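One point on numbering: in this note's numbering, the residue at position 117 of the sequence shown is 472, and numbering is uninterrupted. We put the beta carbon where it would ideally sit given N, CA and C, even for glycine. Given the structure is predicted, the values throughout are model-derived calculations rather than measurements.
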Amino acid sequence: MARERAAGRPAKRRLPTKEELRVWREFIETAEALRAELASRLQSECGLSTGDYAVLLALSEAPGRRLRSSELAAGIRWERSRLSHHLGRMERRGLIRREDCATDSRGAEVVLETAGAEAFRRATVPHLRAVRELFVDALTPEQLAAAADLAAALGSHLDP
């Protein structure tokens, strides 16, 4: 590969082996099943979607319980258009409100409403219990440390 790059030719990319693909599929399918179960419980127990929870969490941790829309989108890793549509639904439910940004007339800030803070507060303990039951309790301390290493490696590879 290095010789091909040095000669100005694109390097041939190796495809994953059968075993690597098996691990990949198992990883993705298990992660999706875990996310689906957490989402189902959050919705049935608390009436919130995982998107609602992500937005409410970010706002609850923000100074003054408010963030610029662009900062919120970046913080939860959503496209701005997806966030805008989701915020509209949350605003109609009284969980958040949008205000013009005081420091920049082009921007808007998303503000956590009292009802949103209360919904987040009510959802946090049941959600964290589900995380413990479905994720933490399924792993040994060593596996949990390995999962942290895996997440860090993947995260740094995706976001150098």
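Through-space distance from residue j to residue i, alpha-carbon basis
i	j	result
residue 419	residue 490	32 Å
residue 375	residue 472	43 Å
residue 470	residue 424	19 Å
residue 481	residue 394	12 Å
residue 509	residue 380	16 Å
residue 356	residue 449	In this prediction, residue 356 has a pLDDT of 48, which is less than 50 and means its spatial position is unreliable; what the coordinates show is noted afterwards. Roughly 56 Å between the two C-alpha positions.
residue 485	residue 412	16 Å
residue 324	residue 406	Past the edges of the chain, shown from 356 to 515, lies residue 324, and the structure says nothing about it.
residue 507	residue 500	11 Å
residue 391	residue 367	37 Å
residue 440	residue 451	13 Å
residue 497	residue 433	32 Å
residue 438	residue 421	15 Å
residue 487	residue 385	16 Å
residue 399	residue 492	22 Å
residue 389	residue 483	13 Å
Cβ pair residue i, residue j closer than 8 Å
i	j	result
residue 431	residue 417	no
residue 427	residue 474	no
residue 568	residue 414	No information on residue 568 is available, as it lies outside the stretch 356 to 515 that the chain covers here.
residue 446	residue 456	no
residue 401	residue 477	yes
residue 453	residue 442	yes
residue 502	residue 513	no
Opposing strand residues paired with residue i [DSSP bridges]
i	result
residue 463	455
residue 421	466
Residue i CB to nearest heavy atom of the ligand FMN below 7 Å
i	result
residue 438	Absence of the ligand FMN is noted for the structure shown, with no ligands found whatsoever.
Discussion item. Give the list of continuous beta strand (DSSP E) stretches no shorter than 3 residues that lie fully inside the region 424–455.
Written reply: Within the region 424–455, the complete beta strand (DSSP E) runs of at least 3 residues are 451–455.
Fill in: Entirely enclosed alpha helix (DSSP H) segments - the region 472–502, minimum 4 residues
If only uninterrupted alpha helix (DSSP H) runs of at least 4 residues are considered, none is enclosed by the region 472–502.
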